[in-house]
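One structure is given below, encoded as structure tokens.
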Amino acid sequence: MVDTGANRDYMSTELAERLGLEIKYSTLNLKTATEASIGVRPMADMLLESRDGLYRVRVDDVLIGDFPCKDSTMAPGKKDWSNYEHLAGIKFANIEAEVELIISSAHTEATIWTEVRRPSRGNEDGEGDDDN
Numbered sequence: 807m808v809d810t811g812a813n814r815d816y817m818s819t820e821l822a823e824r825l826g827l828e829i830k831y832s833t834l835n836l837k838t839a840t841e842a843s844i845g846v847r848p849m850a851d852m853l854l855e856s857r858d859g860l861y862r863v864r865v866d867d868v869l870i871g872d873f874p875c876k877d878s879t880m881a882p883g884k885k886d887w888s889n890y891e892h893l894a895g896i897k898f899a900n901i902e903a904e905v906e907l908i909i910s911s912a913h914t915e916a917t918i919w920t921e922v923r924r925p926s927r928g929n930e931d932g933e934g935d936d937d938n
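Here it is in structure tokens:
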């Protein structure tokens with residue numbers, strides 16, 4: 807899940823273990839919307855790559871452990887968003903899954919389409935039409 811309000815990448819402990827990431831510990835000042843705390847926290851380095859392979863970056867110091875917000879591991883399609891007017895009308899996929907990785911605003915470039923192709927008029931199937 808991409809969180810454009812986050813400036814830190816988060817990963818669940820379970821995902822870090824499945825990926826075999828090397829855990830290190832560092833003192834971190836962690837601020838959320840509701841609290842701030844300083845403490846020694848587990849972190850790991852990872853490689854983040856878009857599905858199409860066009861975006862690839864090494865991410866250092868991904869925070870490992872419980873996500874800072876209550877119920878943040880619940881899939882967006884399972885949550886009640888009725889108190890958030892700005893999300894009215896957005897349909898989240900209703901899947902059986904948990905959020906195990908929160909990608910910070912530093913990587914929003916990976917979620918933006920850089921090219922859109924449309925078929926020419928009268929050729930709605932798009933076959934043989936690579937110039938649009």
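Counting in this note's numbering, the sequence shown runs from 807 upward without gaps. The beta carbon of each residue, even a glycine, is placed where N, CA and C say it ideally should be.
If you draw a straight line from the Cα of S818 to the Cα of G871, it comes to about 5 Å.
Look at A842 here: in three-state DSSP terms it is strand.
Under DSSP, N835 takes part in a beta bridge, and its partners are I844. For L869, the number of other beta carbons within 10 angstroms of its own is at least 16, and it is reported as buried. Taking the C-beta atoms as reference points, A850 is found no nearer than 9 Å to E820. Closest in alpha carbon position to T833, among R847, E823, G826, R824, is R847. For L825, the enclosing alpha helix (DSSP H) begins and ends at 819 to 825.
If you ignore the 5 residues before and after S843, its C-beta comes within less than 6 Å of the C-beta of L836, all in its own chain and listed in chain order. When the Cα atoms are used, I908 and E823 turn out to be separated by approximately 16 Å. As DSSP reads the structure, V865 sits in a beta bridge with M852.
Pairing A899 with E841, the inter-Cα distance amounts to about 30 Å. In this structure, M852 sits away from R862, with a CB-CB distance that is not shorter than 9 Å.
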